[in-house]
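One structure is given here, and the rest of the page talks about it.
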Amino acid sequence: IDVDKFRGTDNVFSRLRNRQSHGHTVQLRIMRCLNSRTMNTLKAPSRYLAGSAVSCPRPRLKKPCHRLLEPIVCQASSGSTPLASSDDPQSSQSNIITSQAPAIFQALDRLKAPKWLFRTVACIILGGQVVTRIFKGKVHWKNTADQLKLVGPNSLGVSLLTSGFVGMVFTIQFVREFTKLGLTRSVGGVLALALSRELTPVVTAIIIAGRVGSAFAAELGTMQVSEQMDSLRVLNTDPVDYLVTPRVLASMIAGPILNVLCFAMGIGASVLLADLVYNVPANVILDSARRALTAYDVGTSMVKSWVFGTIVSTISCAWGFTTSGGAKGVGESTTSAVVISLVSIFIVDFALSYLFFQGQGDALKQLK
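Numbering (the working numbering), first residue to last: 4 to 371.
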């Protein structure tokens, strides 16, 4: 079978399911074999296509939500360990899993751990794999550029619109209260600090989680349940390199950029509202913001956006990777990925704020 003929197709299985070679139907189970011997099988199918005797079974864990572990198990079993015999596939698969799976997953499987715990562990492992590949330079740059367009320019409009209205809402509250105290000249500084330190990074991360994170989880989940992940492995392509790393890297790059643009939009909307409605001159707001902001505030804002983008993309990809159960499972994984991403954003935001801004501050002293 000429495998190169099928490269780039959306689903290799649909093309190879009924294809004939040497009088034998290509077995779908051979296409699901994830180790290096699969390519030799496809090039010389007469070696393994003797009736129904398939020498390369696909190991499965006890629960369908553990499918992220299959590449680990298959890759471990493709070394010196001989392929299992098809005479007793259930026992051979169980032996492969219990002997080759990482110890932490063996323990979780024995304890019958819930699905969310397996997904959490899988998310940590997937994040570590992505970081390793980025440092090694194993990045698919074309896919990264495509995902960067999705995370950046395609999300810019809704991010700017949201930030603009958030800035105007806080302008109403600050001007209303500060005017009574005679602190109109401090409005710009307080607004700038609130937007740069907390509001803009969090709002940007929420937009990314709702718009981009859900797309990542749904797309990867659909590919998982339709066995397109296995198609990539058959074509000797690592799904983490081809699908996950570009998405995480794009979110790392686009998050801080969106944060800066949204901050500028929030300040601009605040200045416009204060000048037109409350008769506070624009130069007063901008001068107050300039005196209150420091490079440290801008730097911490960028770090927060970078961390939030990394967390959202990693969680969404991990939840998509561990999807099972067809269309219903894709919907559940997408919803769960967005909810977990939002909760993680607020938890990490508290931790970073406590780390960066612990103790007494003196930013408002510059406004006197």
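Ideal Cβ placement from N, Cα and C applies to all residues, glycine included.
8 Å contact criterion, which residue i and residue j should meet: CB distance rounded
i, j, result
"residue 318", "residue 340", "6 Å"
"residue 211", "residue 254", "7 Å"
"residue 257", "residue 192", "Going by Cβ atoms, the distance from residue 257 to residue 192 rounds to 29 Å, so no, they are not a contact pair."
"residue 205", "residue 350", "Wrong, their Cβ atoms sit about 12 Å apart, outside the cutoff."
"residue 155", "residue 238", "About 29 Å; that fails the 8 Å criterion."
"residue 359", "residue 297", "Their Cβ separation, rounded to whole angstroms, is 12 Å, which puts residue 359 and residue 297 out of contact at 8 Å."
Under 8 Å between C-beta atoms of residue i and residue j
i, j, result
"residue 169", "residue 214", "no"
"residue 325", "residue 125", "yes"
"residue 190", "residue 283", "yes"
"residue 308", "residue 208", "yes"
"residue 196", "residue 330", "no"
"residue 132", "residue 250", "no"
"residue 285", "residue 174", "no"
"residue 320", "residue 219", "yes"
"residue 163", "residue 264", "yes"
"residue 323", "residue 224", "yes"
"residue 221", "residue 306", "no"
"residue 201", "residue 356", "yes"
"residue 412", "residue 129", "The structure shown does not extend to residue 412, since the chain is modelled only from 4 through 371, so no value can be given for it."
"residue 121", "residue 111", "yes"
"residue 346", "residue 188", "no"
"residue 203", "residue 269", "yes"
Residue interval of the alpha helix (DSSP H) (run including residue i)
i, result
"residue 379", "Residue 379 lies beyond the range of the chain shown here (4 to 371); nothing can be said about it."
"residue 332", "329-359"
"residue 180", "156-183"
"residue 203", "203-210"
"residue 192", "190-197"
Top-ranked residue by Cα proximity to residue i, from the options
i, options, result
"residue 310", "196, 344 and 321", "344"
"residue 244", "106, 195, 144 and 307", "144"
"residue 272", "330, 146, 194 and 150", "194"
"residue 313", "279, 127 and 117", "127"
"residue 267", "289, 252, 235 and 280", "289"
"residue 300", "186, 183, 199 and 228", "199"
"residue 226", "328, 148 and 269", "328"
"residue 136", "242, 183, 357 and 202", "242"
"residue 172", "117, 280, 159 and 361", "280"
"residue 138", "352, 217, 252 and 185", "252"
"residue 259", "106, 159, 147 and 117", "159"
"residue 118", "352, 335 and 361", "335"
Short CB-CB distance (under 8 Å) between residue i and chain C
i, result
"residue 115", "Absent here is chain C; the protein component of the structure consists of one chain."
Residue i Cβ short of 7 Å to the ligand HEM heavy atom set
i, result
"residue 171", "Here there are no bound small molecules, and the ligand HEM is not part of this structure."
- [ ] Note down, one range per segment and in chain order, each beta strand (DSSP E) of at least 3 residues found wholly within the stretch 220-302.
- [x] Complete beta strand (DSSP E) runs here, min 3: none at all.
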